[in-house]
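Asker: Okay, here's the structure, questions in a sec.
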Amino acid sequence: MLNKKWFWRVNSLVLIVVLLFLWQFFAMKYANTQLLPAPSMVWDTFIEMSQNNLLSSMEVSLQRFAIGFSIGAVLAIFCGFILGMIKNLEILLEPLIQLLRPISPVAWIPLLLLWVGIGEMPCILIIAYAVFFPVLSLCITGVRQVNHDYILMAKNFGASPFRIFFNIILPSTFLHLSSGLKLAASVAWIHLVAGEMLGPQSGLGYIVQNGRNTLETAEVIVGMFLIGILGYIIYTFFVLFERIVTKFLGGKFS
């Protein structure tokens with residue numbers, strides 16, 4: 001089974017190499033390199049940008065992501081547990097939640113620019129908003145699916161609400177919560193880049209936007225590749241985090 005898994009992973013790398021060769025051949029033979037630069041040109045541009053401000057742009061984007069994600073996740077988890085445990089409060093607020101949920105975070109950009117101005121804050125708020133609803137929904141679902149027989153049994157043995165929450169409710173909702181965090185991380189990263197393309201004068205989104213404005217197509221492609229690579233790394237981090245904690249806590253999730 002392991003050998004088969006590695007076989008397909010190696011084949012995926014071979015596929016990427018083949019696509020790069022085809023791209024190189026087509027770009028050098030037929031395409032206008034101003035519109036479609038060859039991979040070799042993109043690599044040279046990457047090296048040149050690495051010697052300037054590329055690393056700082058990546059750091060800025062990751063910092064914005066971390067701050068916005070933390071704010072959105074903490075608020076969503078807090079609200080999710082409260083709404084999940086207090087049914088009447090969820091019924092009261094559900095129309096408001098369903099009204100705000102379909103609104104894209106990008107749709108808030110014009111208002112955010114008016115309310116808080118251009119800079120870091122709009123990007124951070126966009127990320128927090130993008131994170132909030134996926135985590136909130138799955139957190140509420142997880143709380144609703146807790147086995148209430150366990151809660152009643154714990155109460156009969158004199159367990160405090162604090163112990164019931166941390167020993168029964170929280171472990172039982174972790175898989176839903178981790179799924180929400182994984183989904184929210186991908187959504188938040190996409191909207192971070194969108195926010196950077198419209199506001200701050202730094203970050204990977206700004207690199208893509210600036211490359212488009214100056215017709216530096218290779219810079220645009222470098223920015224796009226880095227956005228994809230970092231997004232994949234962030235997603236992988238949450239997958240590994242889920243596996244490690246699930247294994248560590250063991251039967252509490254069953």
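Numbering-wise (full-length UniProt numbering), the sequence shown opens with residue 1 and increments by one.
Where is the CB? At the ideal position from N, CA and C, for every residue including glycine.
In terms of residue numbering, what span does the alpha helix (DSSP H) encompassing Y30 cover?
Answerer: Per DSSP, Y30 belongs to no alpha helix (DSSP H) and is neither H nor E.
Asker: Compute the Euclidean distance between the alpha carbons of A188 and F157, then round it to the nearest angstrom.
Answerer: When rounded, the distance between both Cα atoms is 43 Å.
Asker: Just the C-alpha distance for G203 and S56, rounded to the nearest angstrom, thanks.
Answerer: So the two alpha carbons sit approximately 8 Å from each other.
Asker: Starting from M153, trace the alpha helix (DSSP H) both ways and give me its first and last residue.
Answerer: Where M153 is concerned, the enclosing alpha helix (DSSP H) stretches over 148–156.
Asker: Assign V131 to buried or exposed, taking buried as 16 or more other Cβ atoms, counted over all protein chains shown, within 10 Å of its Cβ.
Answerer: Flag for V131 reads buried.
Asker: Closest to D149 by C-alpha separation, out of A218, I126, C79, I164, would be which residue?
Answerer: It is I164 whose Cα lies nearest to the Cα of D149.
Asker: How many Å lie between A27 and A218 at the Cα?
Answerer: Their Cα atoms are separated by approximately 12 Å.
Asker: Roughly how many angstroms separate the alpha carbons of V74 and V17, rounded to a whole number?
Answerer: Each residue's Cα considered, the two are about 41 Å apart.
Asker: Is the beta carbon of S40 sitting closer than 8 Å to the one on Q24?
Answerer: Yes, the Cβ-Cβ distance between S40 and Q24 is below 8 Å.
Asker: When the distance is taken between beta carbons, is I140 closer than 8 Å to E90?
Answerer: It is a contact, given that the beta carbons lie within the stated cut-off.
Asker: Quick one: grab the DSSP three-state call for T246.
Answerer: The answer is helix: DSSP assigns T246 an H, G or I state.
Asker: Taking Cβ positions, are P105 and L113 nearer each other than 8 Å?
Answerer: No.
Asker: Classify T214 as helix, strand or coil using the three-state DSSP reduction.
Answerer: Coil.
Asker: If you follow the alpha helix (DSSP H) that Q98 is in, where does it begin and where does it stop?
Answerer: From DSSP, the alpha helix (DSSP H) with Q98 extends over 87–100.
Asker: Got a sec? Which residues, its chain only, sit under 6 Å from S179 by beta carbon, not counting five neighbours each side?
Answerer: Hits under 6 Å: L138.
Asker: If I measure Cβ to Cβ from residue 258 and keep anything under 7 Å in the same chain, skipping five residues before and after, which residues do I get?
Answerer: The question about residue 258 has no answer here: the residues shown for the chain are numbered 1 through 254.
Asker: Which term fits residue 264, buried or exposed, when burial requires 16 or more other beta carbons within 10 angstroms of its beta carbon?
Answerer: Outside the shown range of the chain (1 to 254) lies residue 264, about which nothing can therefore be said.
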